[in-house]
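Each residue of the sequence shown is one higher than the one before, counting from 262 in the numbering used here.
First comes the structure, then the notes that go with it.
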Amino acid sequence: MTAYDVIILGAGPGGYVCAIRAAQLGMRVALIEPDELGGLCLNWGCIPSKALLRNADVLNTITNAAEFGIRVGTVEPSLDAAIDRSRKVVNRLVRGVASLLRAANVTVIKDRGRLLDAQTVALDGQPEPVHAEKAIVIATGARERAIPGLDVNGETVVTSRHALERRTLPERVLIVGGGATGCEFAYFYRSYGSAVTLVELTPRLLPGEDEEITTILQDSLSRQGIDVLTGSRVARLTTGGAEIDTAGAARIIPYDMALVAVGMEGRTEGLGLDAAGIETGAGGYITCDEAMRTTAPGVYAIGDVTGPPLLAHAAMAQGILTAEAIAGHDTRPLVRDDIPRAVYCHPQVASVGLTEAQAAEQGHITKVGRFPYRANGKALALGDYAGLIKIVSDEETGALLGAQMIGPETSELLGELSVARMLEATPLEIGRAVHPHPTLSETLMEASLAAFGEAIHM
């Protein structure tokens, strides 16, 4: 039986990062993955979708070129070419991950693994199991949850994975679910000319995000021509159309393609969790503590298989934490409120920490600073100035509780806020820090100062 210090099941963002960090710390590592390196995120999620969204941005820029004094001829977008480009981006990154793993001397086993106990993994394609002397890490991710009445067939009713390789443009697109995936695909398909209906069960898009921000998002998507139906439920999908309950009334909406983007569940089938004594909870997600330890000694779980937040960067951070814990290092548990969130439709939505409402629920007396993008010179120069920066602080302590943003490239502003949260910087300190001019980052400075009545440009 071949032995390693650490065996990792799943080579998504959490798994491969954990493998590299464990190898850096001197451990012998085996990374088991039956499919492509990079997992769902790199191959069929974050990366290809962002490549397509970039195509949508370019298309919109060309379509609106007259605003910049540029005349163009007939614009002929090709969805087929857009898909080709997205796959090229994916393939380049997959090769990069493979190179990083080789350089770190990580043994990659292209196979499916199953736990025989808390130290042993059986492989489907090999007669002998492999043994973990220090730890096993489960990083198998999540998958779309089946929804009654919304049966996916891969043609007329699809998931985001199907959409990422579909090369013909549907004339009418129905998107079920107004979360990040739903909003991003709504923007993409509308940019390419599809008639889009976006249906969300809760009263507003992006449930859990700040209401003021999501109201701006819904207004913006509606102005783009997307039919947004919140507080609505898709009861059934038939060949004659989608049966939707909205505002207490039923209506039928015809569609050529329905994209189902609601609900995920942990990918735990066939892993042998019972044999190892590993418990799961709601949604089928593996139960683990703040140090990513499961209920089985020596077995850890990271990433989407452990439940929300289902974010690649959260999985990566958990992978590093876990590798260092296995190596015996002192580790600092991740604070879920410190994990930034971003939605890459247009305008982008980005946030970190508590919303104003969440802070109030936790008993904070808040001080809130707001700054509109329309007052920012760089945004005006870009011709893209619809949006708002919102900074939430504790009135008594001055602590930065959170930030919510909507506007161009807000995702790129999250890094500064993440560092500020880690270093316990206050909004006043963010506001007093000199920001380069003209940049979009000045909106953070101004919104932070606005909480104290010190904003200059509003």
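Where a beta carbon is used, it is the ideal one built from N, C-alpha and C, also for glycine.
Just so we're clear, the structure is a prediction, and the values are computed from it rather than from any experiment.
How would you call residue i, buried or exposed, if buried means at least 16 neighbouring beta carbons within 10 angstroms?
| i | result |
| --- | --- |
| G300 | buried |
| K639 | buried |
| I323 | exposed |
| T616 | buried |
| I650 | buried |
| I370 | buried |
| L641 | exposed |
| S339 | exposed |
| P594 | exposed |
| I667 | buried |
Sorted by chain position, which residues of the same chain lie with C-beta nearer than 6 angstroms to residue i's C-beta, five sequence neighbours on each side aside?
| i | result |
| --- | --- |
| G630 | I652, A708, S709, A711 and A712 |
| V680 | none |
| Q485 | R451 |
| T368 | A291 |
| D266 | M288, R289, E394 and K395 |
| A664 | V613, I652 and L678 |
Would residue i pass as a contact of residue j if the rule is Cβ separation under 8 angstroms?
| i | j | result |
| --- | --- | --- |
| T529 | E540 | no |
| D598 | G624 | no |
| V391 | T263 | yes |
| L270 | A365 | no |
| I308 | E426 | no |
| V566 | I581 | no |
| V419 | I436 | no |
Please state the DSSP three-state secondary structure of residue i.
| i | result |
| --- | --- |
| Q485 | coil |
| L467 | coil |
| K371 | coil |
| M553 | coil |
| R422 | helix |
| R512 | strand |
| D266 | strand |
| D701 | Note that residue 701 is Leu in the sequence shown, not Asp. Reduced to three states, the DSSP call for L701 is coil. |
| Y561 | strand |
| V566 | helix |
| I308 | helix |
Leaving out five residues on either side along the sequence, give the residues of the same chain with a beta carbon under 7 angstroms from the beta carbon of residue i.
| i | result |
| --- | --- |
| T442 | S421 and A522 |
Excluding the 5 residues preceding and the 5 following residue i in the sequence, name in chain order all residues of the same chain whose CB lies nearer than 8 angstroms to its CB.
| i | result |
| --- | --- |
| R373 | I293, P295, L384, D385, G386 and G531 |
| V350 | I308, P309 and A312 |
| M525 | A403, R404, E405, R406, G544, D565 and L571 |
Bridge partners for residue i per DSSP, in chain order?
| i | result |
| --- | --- |
| R494 | D506 |
| P633 | L649 |
| D655 | T627 |
| L661 | S654 |
| S347 | Partner(s): none; S347 has no beta bridge. |
| Q609 | G668 |
| E526 | R404 |
| G614 | G663 |
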